[in-house]
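Count along the sequence shown from 1, then add 17; that gives the number in my numbering.
Built from N, CA and C at the ideal position, the CB exists for glycine as well.
The structure displayed is predicted, hence computed values, not measured ones.
Okay, structure first, notes after.
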Amino acid sequence: MSRLLVILLVSLILMIALLIALLQRTETTTAKPPPYDFVEYWSAARLLWQGRNPYDMQSLEPLQVEAGRNAEDGPLPMLNPPYVLPLIMFLGLFPSSVALLIWLIVLFAVMIFTSDAIYRFYGGPDSFRLVAIAVGLSFVPTLSALTIRQISPLLLLGTWMFLVLIRGRRDGWAGAATVLLAIKPHVCYLVWFAILLWSVQTRRWRVIAGGVFAGLTLTALASAFRPTLVVDYVERMRLPLNAYESPVWGTLLRHALGGLDSTPFVLQYVPVLFGIAWMAFAWPHLREKDWPQTLPVLIIMSLLTAPYGAWLFDLVLLLLPLLHLLARLLTERKYIPVFAVLHGTIAATLLTTIMIGTRYIALIWVTPVIGMLYLLGLSLVGGDASETRKPTPAIHT
Numbered sequence: 018m019s020r021l022l023v024i025l026l027v028s029l030i031l032m033i034a035l036l037i038a039l040l041q042r043t044e045t046t047t048a049k050p051p052p053y054d055f056v057e058y059w060s061a062a063r064l065l066w067q068g069r070n071p072y073d074m075q076s077l078e079p080l081q082v083e084a085g086r087n088a089e090d091g092p093l094p095m096l097n098p099p100y101v102l103p104l105i106m107f108l109g110l111f112p113s114s115v116a117l118l119i120w121l122i123v124l125f126a127v128m129i130f131t132s133d134a135i136y137r138f139y140g141g142p143d144s145f146r147l148v149a150i151a152v153g154l155s156f157v158p159t160l161s162a163l164t165i166r167q168i169s170p171l172l173l174l175g176t177w178m179f180l181v182l183i184r185g186r187r188d189g190w191a192g193a194a195t196v197l198l199a200i201k202p203h204v205c206y207l208v209w210f211a212i213l214l215w216s217v218q219t220r221r222w223r224v225i226a227g228g229v230f231a232g233l234t235l236t237a238l239a240s241a242f243r244p245t246l247v248v249d250y251v252e253r254m255r256l257p258l259n260a261y262e263s264p265v266w267g268t269l270l271r272h273a274l275g276g277l278d279s280t281p282f283v284l285q286y287v288p289v290l291f292g293i294a295w296m297a298f299a300w301p302h303l304r305e306k307d308w309p310q311t312l313p314v315l316i317i318m319s320l321l322t323a324p325y326g327a328w329l330f331d332l333v334l335l336l337l338p339l340l341h342l343l344a345r346l347l348t349e350r351k352y353i354p355v356f357a358v359l360h361g362t363i364a365a366t367l368l369t370t371i372m373i374g375t376r377y378i379a380l381i382w383v384t385p386v387i388g389m390l391y392l393l394g395l396s397l398v399g400g401d402a403s404e405t406r407k408p409t410p411a412i413h414t
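If you want it as structure tokens, here you go:
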């Protein structure tokens, strides 16, 4: 990488840091989900190192206040499954201020590496790698993830790892990589159905075995510090999840039927039924394609029909289809100005929406818009070719 590119990249990172600082100073109460999720991870890790319950709200609260959370806001619950805890336990080894700096460096590094890696996986020209990194870092869900200090970038890393490993027919490791997607299984649930169906139909059992082994190993590692950890998690998940207005269609349905306080949470899963129905209809077509073509579509449809979550920072997963499209456009040298204008327009619209304090449910348009632009863009440049650096076998083989 030339000196000029290094200077440009450093300048971009500084610009992103300024944007994050601006977003953090924006005084809104309804436009954002619970802020600064780092305190959730750090406090849970701290408790687990001590052999205490990382899902207990009363135990989390004093640690989160120590880390800077406003006591009047109450503690953030730890909702990630036990196998996620070993991935963040290193944070509990440091004071909160040091752990926060380390966590931000990790998130920045993951976003820079993954943006570049996905772009190169899809065969994007090497001369435009900095463009891919710029798109990845300037994507507003990325800004949101970095601002909130969210773990979501690790899910994006998991998509790239799965694609690379499954292409190399390293099935066990590919399955193990999906544990990163399992950090938030509800926002990519159709991926699990697809992997299960594909593994059974192609008899590539090592994919399933690798995923199960990785999940059990991480759970056992975390449980070594607290043997009742799985029970703790089950007890926590029995509590209601009605506190937040997730920007998903299930939330709109409940509002239409009387509001979140007067409707059962199970209605959040109605869109999942549509997602499963779509999967049943589309699978015969999807299984004729390869994973690099199929996974972005599954991610879009999972986010579109997710039962809850799908916050703006979770939409960092949409960088997979977005960078796929960018690689194809730059390879074909087509519609690049259009991509730049649309990317900037979406960013400006999202930032404006956040800063004026619009209710978070208003961001429900992001996934369908990006999904439609992705499919339209690929249709214009022949995206079905899915030109990657190495040929990938079709899913049905």
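Check	Outcome
Buried or exposed (CB count within 10 angstroms, at least 16 for buried), M95	buried
Rounded Cβ spacing between R86 and V56 (contact assumed at less than 8 Å)	5 Å
Among L214, T348, S132, T245, nearest to P301 - alpha-carbon criterion	L214
CB-CB length for M296 against L207, believed under 8 Å	6 Å
Buried or exposed by the 16-neighbour rule on C-beta atoms within 10 Å, applied to Q75	exposed
Residues bridged to D90 [DSSP beta-bridge criterion]	None, per the DSSP bridge assignment.
DSSP-derived helix/strand/coil call for D307	strand
Pairwise C-alpha distance: A231 and V196	7 Å
Host alpha helix (DSSP H) of S240 (start-end)	222-240
Inter-residue spacing [alpha-carbon to alpha-carbon] between V265 and I378	7 Å
CB contact flag (T384, L320, <8 Å)	yes
Closest by C-alpha distance to E78, when choosing among W66, G91, Q67	G91
Through-space distance from L172 to G228, alpha-carbon basis	14 Å
Close Cβ partners of L347 (< 6 Å) along its chain, the five nearest in sequence each way excluded	G141, P142, F145
Boundaries of the alpha helix (DSSP H) in which T159 is found, first to last residue	157-165
Range covered by the alpha helix (DSSP H) that runs through G192	188-198
Where H272 falls, given that 16 or more other Cβ within 10 Å makes a residue buried	exposed
Where the alpha helix (DSSP H) containing I371 begins and where it ends	353-372
Own chain partners of R254 with C-beta closer than 8 Å, once the 5 adjacent residues on each side are dropped	Note on residue identity: the sequence assigns Met, not Arg, to residue 254. Correct list, in chain order: L96.
S60 - containing alpha helix (DSSP H), residue span	55-66
Distance between L397 and A84 (C-alpha atoms, nearest Å)	50 Å
The stretch 305-314 touching the stretch 237-246, judged by at least three CB pairs closer than 8 Å	no
G109 - DSSP class collapsed to helix/strand/coil	helix
I105 beta carbon less than 8 Å from that of H62	Before going on, a small fix: residue 62 reads as Ala here, not His. In this structure, I105 lies closer than 8 Å to A62 by Cβ.
Reduced DSSP secondary structure (H/G/I, E/B, other) of M95	coil
Buried/exposed call for M389, threshold 16 Cβ in 10 Å	exposed
C-alpha distance - T164 paired with F330, whole-angstrom precision	9 Å
Alpha-carbon to alpha-carbon, L332 and G439	Outside the modelled stretch of the chain, which goes from 18 to 414, sits residue 439, for which no answer is possible.
Among A327, I381, A365, T375, nearest to V157 - alpha-carbon criterion	A365
Separation of L335 from A211, as counted between CA atoms	18 Å
Per-residue DSSP class, three states only, for D249	helix
Where A294 falls, given that 16 or more other Cβ within 10 Å makes a residue buried	exposed
Best match in M372, T159, A191 for proximity to V224 [C-alpha to C-alpha]	A191
Assigned secondary structure, R376 (DSSP; H/G/I helix, E/B strand, else coil)	coil
Spatial distance of L367 from W222 (CA atoms)	42 Å
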